[in-house]
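Shown next, in structure tokens, is the structure this report addresses.
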Amino acid sequence: MNRGDLPTIPKVRTGRMQGWARISLAVCGAVAGLAMGLNAQQKVETEPFDVVILHGHIIDGTGSPWYSGDVGIRGGRIVAIGDLSGASAKQKIDAQGKVVAPGFIDMLGQSELTILVDPRLPSKIYQGITTEITGEGDSVAPVNDAMLAADHSGYAHLHITPDWRTLREYFARLEKQGMGINLATYVGATSVRRMVLGDAKVDPTPAQLDQMKALVDEAMRDGAVGLSTALQYSPAPYAKTEELIALAREASKYGGIYATHMRSEGDAVLESIDEATRIGREAQIPVEIWHLKAAGKANWGKMPQIVARIDAARAAGVDVSANTYAYTAWFNTFSAFVPPWAHDGGDAQLIARLKDPAMRARIRKDMTSSGKNSAGEDWDNEWQEIPGPEAILIAVVQNPELVPLQGKRLSEVAALWHEDAIDALCDLLIKDKAFTEVAVFGMDEPDVLLALKQPWVSLDNDSQGTSPEGLLGSEHPHPRAYGTFPRVLRKYVREEKELTLPDAIRKFSALPAQRMRLTDRGVLKQGMWGDVVVFDSEKITDKATYENPNQLSVGMEYVLVNGVPVIAEGKMTGALPGKVLRGAGYVP
1 MNRGDLPTIP
11 KVRTGRMQGW
21 ARISLAVCGA
31 VAGLAMGLNA
41 QQKVETEPFD
51 VVILHGHIID
61 GTGSPWYSGD
71 VGIRGGRIVA
81 IGDLSGASAK
91 QKIDAQGKVV
101 APGFIDMLGQ
111 SELTILVDPR
121 LPSKIYQGIT
131 TEITGEGDSV
141 APVNDAMLAA
151 DHSGYAHLHI
161 TPDWRTLREY
171 FARLEKQGMG
181 INLATYVGAT
191 SVRRMVLGDA
201 KVDPTPAQLD
211 QMKALVDEAM
221 RDGAVGLSTA
231 LQYSPAPYAK
241 TEELIALARE
251 ASKYGGIYAT
261 HMRSEGDAVL
271 ESIDEATRIG
281 REAQIPVEIW
291 HLKAAGKANW
301 GKMPQIVARI
311 DAARAAGVDV
321 SANTYAYTAW
331 FNTFSAFVPP
341 WAHDGGDAQL
351 IARLKDPAMR
361 ARIRKDMTSS
371 GKNSAGEDWD
381 NEWQEIPGPE
391 AILIAVVQNP
401 ELVPLQGKRL
411 SEVAALWHED
421 AIDALCDLLI
431 KDKAFTEVAV
441 FGMDEPDVLL
451 ALKQPWVSLD
461 NDSQGTSPEG
471 LLGSEHPHPR
481 AYGTFPRVLR
491 KYVREEKELT
501 LPDAIRKFSA
511 LPAQRMRLTD
521 RGVLKQGMWG
531 DVVVFDSEKI
541 TDKATYENPN
551 QLSVGMEYVL
561 VNGVPVIAEG
571 KMTGALPGKV
581 LRGAGYVP
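Residue numbers are given in the numbering used here: position 413 of the sequence shown equals residue 413, and the series is strictly consecutive.
See the structure below:
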């Protein structure tokens with residue numbers, strides 16, 4: 001029966017007759033709806049699929065145990081799950097005995113520039129990452145000419161000519177180029193501050209704060225997923241909490257998230273959690289704490305207190321969650337070891353101070369003293385958090401003359417240059433124009449594990465997408481750049497059995513999708529986008545090490561992004577089916 005076959009219902013006036021008429025209409029409508037549903041089902045069954053994944057152990061992302069079934073994809077979306085053994089398809093993937101799961105979501109990826117260098121992002125897809133969230137405080141946009149001039153060396157290092165000024169323009173460049181994974185970004189509070197105030201240690205006037213708020217508003221309409229801060233890296237520490245609340249309120253108007261690299265991850269970590277939750281409460285915005293940790297030997301064993309503080313905030317009604325990369329070394333800019341006051345005015349002023357003997361002596365005194373520094377600032381004194389210079393590994397440099405130092409410890413550099421470690425740190429920053437990035441061994445494994453096991457903790461790579469080949473392969477990144485997600489599956493699921501496989505997959509997929517409001521990703525379900533991974537749970541393994549990080553993980557047999565394989569039979573296809581994922585406030 002179709003709608004043209006429905007009988008004519010006569011007009012009636014009595015209540016009883018009106019009731020019968022309504023029932024007749026409802027029955028006929030239900031029959032017609034059933035017919036249309038059957039037609040739709042027949043369409044699903046008779047039209048060829050683009051891809052059918054057969055005989056898999058489906059772990060759907062929700063945390064539920066695996067079940068057997070097939071997954072059919074058409075037009076980039078999952079259109080059927082069940083027994084599809086008789087269906088026709090352009091491509092069939094035999095997943096017998098393999099895990100079929102949602103593509104993994106990297107909650108902090110850092111690939112906004114390297115995706116322009118190698119849009120395939122091999123280090124990401126070989127981990128099973130199909131979506132990345134990025135924009136840690138200093139986002140790819142907005143930018144102005146002064147910022148581009150100050151950051152010229154970073155763009156030049158990657159051979160990138162920035163031809164965008166807004167997120168809308170950056171997204172347009174990405175879509176024109178194509179990309180191997182999906183990407184979303186926050187607007188960075190640091191970027192907004194630099195647009196209006198530069199790198200100076202100043203507070204905004206009311207008019208300047210209005211300018212900053214307008215920039216957040218524009219970025220949210222361009223498609224940003226929220227506001228972010230990285231409060232350890234200058235000039236971000238100069239921002240007071242009230243400034244951040246005002247900016248977060250703008251993001252909140254558009255359904256955004258407030259994500260933060262907190263002001264302290266060490267001695268003042270509990271107070272920093274309080275600041276983050278205050279921002280969430282007063283701006284009425286969900287809070288995501290990036291790379292949750294207890295940093296520094298003096299804080300080892302503090303993770304139970306950190307967890308309790310976040311649990312208390314959640315119990316009080318603040319929507320706060322976190323993520324982790326589950327390694328015991330963090331990775332950041334080397335200049336973070338220098339107190340915030342020395343960064344006032346930007347990198348050029350920092351280098352000038354490092355060259356000045358009196359200023360260097362003051363910097364040294366601050367680094368080797370506890371408590372507030374000589375400017376009266378509370379700061380995360382990383383020098384006090386590490387056992388010694390042997391805990392710092394030189395990772396990425398810009399100056400070609402310094403490349404031989406990549407992979408060496410600061411203690412080795414100091415010995416090579418015949419000076420003490422702090423002088424070696426200062427001289428390396430001078431020679432590399434403050435560009436240097438380092439891995440810092442400052443966390444304890446029990447703290448890392450406890451954070452990972454929390455039900456509200458997802459995963460982040462906290463590293464830019466990279467490749468063992470070409471320009472990107474010349475760098476020496478943290479091994480997490482290549483290994484975060486497979487390492488969790490190998491170490492914490494398969495070997496140590498600290499997580500179940502379904503729970504790990506939930507942390508990789510449904511949990512971050514829920515947090516980021518990605519309502520059509522993160523779960524294997526009819527109607528969702530076809531971001532899917534197929535792997536052998538007994539073979540998935542990270543290969544990257546601190547000594548030799550540029551090694552792709554192994555074990556991913558298929559990785560599909562929007563229904564298109566970017567890895568097939570364990571090999572990269574070169575396809576670029578990724579999409580820009582815009583926030584709820586996007587205005588076309």
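Note that beta-carbon positions come from the ideal geometry of N, C-alpha and C, so glycine has one too.
Cβ pair residue i, residue j closer than 8 Å
{"i": "Phe171", "j": "Gly226", "result": "no"}
{"i": "Thr185", "j": "Leu472", "result": "no"}
{"i": "Met179", "j": "Pro512", "result": "no"}
{"i": "Ser537", "j": "Val99", "result": "yes"}
{"i": "Leu292", "j": "Thr260", "result": "no"}
{"i": "Arg173", "j": "Val143", "result": "no"}
{"i": "Met572", "j": "Ile93", "result": "no"}
{"i": "Ser153", "j": "Thr466", "result": "no"}
{"i": "Trp341", "j": "Glu377", "result": "yes"}
{"i": "Gln526", "j": "Val196", "result": "no"}
{"i": "Gln398", "j": "Asp432", "result": "yes"}
{"i": "Asp531", "j": "Thr131", "result": "yes"}
{"i": "Val534", "j": "Glu498", "result": "no"}
{"i": "Phe485", "j": "Gly128", "result": "yes"}
{"i": "Val117", "j": "Ala87", "result": "no"}
{"i": "Pro549", "j": "Val566", "result": "no"}
{"i": "His478", "j": "Ala395", "result": "yes"}
Beta-ladder partner(s) of residue i, from DSSP
{"i": "Asp151", "result": "According to DSSP, which records beta bridges pairwise, Asp151 is partnered with nothing at all."}
{"i": "Pro102", "result": "Val532"}
{"i": "Trp300", "result": "None; Trp300 has no bridge partner."}
{"i": "Pro565", "result": "Leu560"}
{"i": "Phe331", "result": "Ala439"}
{"i": "Lys293", "result": "In the DSSP output, where bridge partners are listed per residue, Lys293 has none listed."}
{"i": "Asp70", "result": "Gly82"}
{"i": "Tyr233", "result": "Answer by DSSP bridge pairing: none, since Tyr233 is not bridged."}
{"i": "Val52", "result": "Gly72, Lys92"}
{"i": "His57", "result": "Ser68, Val99"}
{"i": "Gly226", "result": "Ile257"}
{"i": "Ser321", "result": "Glu288"}
Residue i to residue j span [Cα, whole Å]
{"i": "Arg168", "j": "Ala219", "result": "8 Å"}
{"i": "Ala200", "j": "Trp300", "result": "34 Å"}
{"i": "Leu84", "j": "Asp70", "result": "6 Å"}
{"i": "Leu518", "j": "Asp145", "result": "34 Å"}
{"i": "Lys302", "j": "Ile310", "result": "13 Å"}
{"i": "Phe435", "j": "Leu428", "result": "9 Å"}
{"i": "Tyr482", "j": "Phe508", "result": "15 Å"}
{"i": "Ile430", "j": "Trp290", "result": "29 Å"}
{"i": "Glu271", "j": "Arg278", "result": "10 Å"}
{"i": "Asp203", "j": "Asp210", "result": "13 Å"}
{"i": "Asp460", "j": "Ala504", "result": "13 Å"}
{"i": "Leu524", "j": "Ile105", "result": "14 Å"}
{"i": "Gly585", "j": "Tyr258", "result": "14 Å"}
{"i": "Ala348", "j": "His57", "result": "56 Å"}
{"i": "Thr190", "j": "Glu250", "result": "15 Å"}
Residue i versus the options, residue with shortest Cα-Cα distance
{"i": "Leu247", "options": "Gly137, Ala342, Lys497", "result": "Gly137"}
{"i": "Trp330", "options": "Gly345, Tyr546, Ser139", "result": "Tyr546"}
{"i": "Ala375", "options": "Glu412, Gly82, Asp344", "result": "Asp344"}
{"i": "Asp319", "options": "Gly296, Gln284, Ala352, Ala308", "result": "Gln284"}
{"i": "Gln384", "options": "Leu393, Ile394, Ser370", "result": "Ser370"}
{"i": "Glu265", "options": "Asp531, Ala336, Pro455, Ala313", "result": "Ala336"}
{"i": "Arg409", "options": "Ile58, Tyr492, Ala439", "result": "Ala439"}
{"i": "His55", "options": "Ser68, Thr62, Ser64", "result": "Ser68"}
{"i": "Arg77", "options": "Pro468, Arg221, Leu581, Gly563", "result": "Gly563"}
{"i": "Asn506", "options": "Gly61, Thr134, Val51", "result": "Looking at the sequence itself, residue 506 is Arg, so the reference to Asn does not match. The candidate whose alpha carbon is nearest that of Arg506 is Gly61."}
{"i": "Ile306", "options": "Ala268, Ala207, Pro339, Tyr327", "result": "Ala268"}
{"i": "Thr198", "options": "Asn373, Ala451, Met147, Ala89", "result": "A small fix is needed here, since residue 198 is Gly in this sequence, not Thr. It is Met147."}
{"i": "Leu354", "options": "Asp423, Ser411, Val397, Ala298", "result": "Asp423"}
{"i": "Gly109", "options": "Gln464, Val587, Glu47", "result": "Gln464"}
{"i": "Leu450", "options": "Gly317, Glu419, Tyr492, Arg364", "result": "Tyr492"}
{"i": "Glu47", "options": "Gly72, Met556, Thr205", "result": "Gly72"}
{"i": "Met516", "options": "Lys90, Glu469, Pro479, Arg582", "result": "Arg582"}
{"i": "Val140", "options": "Pro162, Leu158, Pro119, Ala150", "result": "Pro162"}
{"i": "Leu359", "options": "Lys372, Val338, Gly346, Trp456", "result": "Leu is not the amino acid found at residue 359; the sequence shown has Met there. Nearest option by C-alpha distance: Val338."}
{"i": "Leu121", "options": "Glu243, Val587, Glu569, Val561", "result": "Val561"}
Residue i CB to nearest heavy atom of the ligand MN below 7 Å
{"i": "Lys497", "result": "The ligand MN is not part of the structure shown, which contains no ligands of any sort."}
Open item on the list: Going residue by residue through the region 118-168, where are the continuous alpha helix (DSSP H) segments of at least 4 residues, counting only ones entirely within it?
Closed with: 122-125, 145-150, 152-157
Open item on the list: Ignoring anything shorter than 3 residues, give me the beta strand (DSSP E) runs that lie fully in the region 436-478, in order along the chain.
Closed with: 437-441, 457-459
Task: Inside the region 369-416 only - beta strand (DSSP E) runs reaching at least 3 residues - done: 392-396
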